[in-house]
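For the sequence shown, position 41 (counting from the first letter as 1) is numbered 41 according to UniProt numbering, and the numbering increases by one without interruption.
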Amino acid sequence: GLSMMYPDKGNFIIVAGKVKHRKTVKRITELMRKHSNIAVYPVALPFLGGLAGLSDQKNYWKYNYPAVMINDTSF
1 GLSMMYPDKG
11 NFIIVAGKVK
21 HRKTVKRITE
31 LMRKHSNIAV
41 YPVALPFLGG
51 LAGLSDQKNY
61 WKYNYPAVMI
71 NDTSF
């Protein structure tokens, strides 16, 4: 699971998006890393469900806009 790849404390930000929009996820992650002092990790998801499906970006994904979810969390 994701707990193998990410910290277990909520001291970081994730930028989550669909696999097909991974360039957008990567670019936003790069910009956030450049302009912040907190760890930022990208997550490219192959599906719309799970926790990522509970946020506003799912409505953009539905119409193929390259939206991301930015969240402070831990796994």
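The beta carbon of each residue, even a glycine, is placed where N, CA and C say it ideally should be.
As the structure is a computational prediction, the values presented were derived from the model and not from experiment.
| Asked | Found |
| --- | --- |
| Bridge-paired residues (DSSP) for P42 | V15 |
| Closest Cα partner of K18 within the set S36, N71, P42 | P42 |
| N71, DSSP secondary structure in three states | strand |
| Close-in-space but distant-in-sequence residues of the same chain around L45 (CB under 8 Å, 5 per side omitted) | A16, G17, K18, V19, A52 |
| Spatially closest choice to F12 from P66, A67, R33, by CA coordinates | R33 |
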